[in-house]
Amino acid sequence: DGTTRGECVMPEILPGAAWIVGEYSHLIETDSEIQYDVMSRGTYHSIIQAVMAPSNVDNILTSTQSVYVQCGMKVLAAASNAGKKCSDVELEACAETLTKSLPVFMQSVDVEVQERAFTSYH
Numbered sequence: 002d003g004t005t006r007g008e009c010v011m012p013e014i015l016p017g018a019a020w021i022v023g024e025y026s027h028l029i030e031t032d033s034e035i036q037y038d039v040m041s042r043g044t045y046h047s048i049i050q051a052v053m054a055p056s057n058v059d060n061i062l063t064s065t066q067s068v069y070v071q072c073g074m075k076v077l078a079a080a081s082n083a084g085k086k087c088s089d090v091e092l093e094a095c096a097e098t099l100t101k102s103l104p105v106f107m108q109s110v111d112v113e114v115q116e117r118a119f120t121s122y123h
């Protein structure tokens with residue numbers, strides 16, 4: 002139908018949804034078939050891919066971007082504490098996605114986004 006991912010979502014709900022996902026990331030179910038794309042390595046990785054996509058810097062409000070960065074880090078923390086629910090391959094993919102994406106957020110025009118991304122990266 003020509004729409005892109007997230008185009009039909011009201012932007013006002015995105016920060017709240019990302020906050021909930023990050024805050025309750027320890028409750029993420031990994032037995033589902035959730036995939037962001039064909040490169041996804043599992044549920045945790047798919048969530049990190051979705052919130053840390055570089056396109057978010059151009060297409061989403063900076064107030065939402067800062068929540069996305071925080072969500073990505075909380076999901077990584079949950080993945081690292083998930084034990085057998087998260088494989089080493091998925092955990093490495095999560096860390097790699099964040100390592101590649103955070104520098105893009107560090108270049109944001111918003112100081113809070115820059116600070117969260119920089120602090121998370123280092």
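With the sequence shown counted from 1, adding 1 to any position gets you the numbering used here. We put the beta carbon where it would ideally sit given N, CA and C, even for glycine.
Query                                                                                                   : Result
ILE21 lies in the alpha helix (DSSP H); which residues open and close that run?                         : 15-24
Are the beta-carbon atoms of GLU91 and HIS46 separated by less than 8 Å?                                : yes
Would THR65 be called buried (16 or more neighbouring beta carbons within 10 Å of its own) or exposed?  : buried
Should LYS75 be labelled buried (16 or more other beta-carbon atoms within 10 Å of its own) or exposed? : buried
Measure the Cβ-Cβ separation of VAL114 and THR31 and say whether it is below 8 Å.                       : no
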